[in-house]
Amino acid sequence: MALKTLVDSGAISDHERLDVLHEISKSIPFRLYEALLTAEPGAKIPDSVFQEMSKKNPKRTLEIALGDGDSRIADMSIKDALFNFGLADVEKSLDWFRNHETELSGAKRDQGAQGLSLLAVRHAEFDTAWEWTGEIADAELRRKAEGEVWASEKKVVEIATTRDPQKFLESVVSGQSVHADYWIQTGMLRT
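Start counting the sequence shown at 3; every next residue gets the next number (this note's numbering).
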């Protein structure tokens, strides 16, 4: 590919090459992916290409990732694709993951669980988000995902306790809330 030749010759930096590839991927991510497979055999494909692929057609991106034996598709693209697929159709994204999770490598499976956790957060389904986070085997990734869920839930709790701390406390104590008991302290600080 001409860009790789330009980097090798020193005419442009690798960072500039990645910027150009990112801009191209915004318009034609799947064609760019195919061109990179052919032009740069064995080279890692930039994450931005997969992010754009998952925005354009998340299901197709998942199918490509599933058949990716050489792991050129970044594990994180599974997270992005499942999240984007779920934005369009939650049930179909859940079905896809459950039907294919045994075919995914451990890292890709963990990224899929993280993507579904973030999707649950997006829908304010924190119990479901915590369940998906609990399915992540990699301890470092699980801690990161737990931090994302906790930070998002904390923002929602802070808004609820700012509006009406008494109502928030009553809902948690009575079991009517989607939030766990440990958020009571946050509510009490607001009263």
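By construction, the Cβ of each residue, glycine as well, lies at the ideal position given by its N, Cα and C atoms.
Computed from a predicted model, the values in this text were never measured in an experiment.
Subject >> Terminal residues of the alpha helix (DSSP H) in which A147 lies >> reply: A141 to R165
Subject >> Alpha carbon of A126 to alpha carbon of I186, nearest angstrom >> reply: 18 Å
Subject >> G189 versus L171 - alpha carbon distance >> reply: 6 Å
**OP:** Determine the direct distance from the alpha carbon of P31 to that of T7, and round the result to whole angstroms.
**Re:** 21 Å
**OP:** Buried or exposed for R100, please, with buried defined as at least 16 other CB atoms from any protein chain shown within 10 angstroms of its CB.
**Re:** exposed
Original post:
Is V151 near S173, with beta carbons less than 8 Å apart?
Top reply: no
**OP:** Compare the beta carbon distance of S27 and S50 with 8 Å and say whether it is the shorter of the two.
**Re:** yes
**OP:** With 8 Å as the threshold, decide whether the Cβ of P60 is near any Cβ in chain D.
**Re:** Of the chains in the structure shown, none is chain D; there is only one protein chain.
Original post:
Of all the options L68, D16 and Q116, which has the alpha carbon lying nearest to the alpha carbon of H102?
Top reply: L68
**OP:** Indicate the three-state DSSP secondary structure (helix, strand or coil) for L106 in the structure shown.
**Re:** coil
Original post:
Are there three or more Cβ pairs, one per stretch, closer than 8 Å when the region 43-59 is compared with the region 14-27?
Top reply: yes
Original post:
For the candidate residues S179, K156 and R111, whose alpha-carbon lies nearest to that of G136?
Top reply: R111
Subject >> Cα-Cα separation, P43 to L23 >> reply: 16 Å
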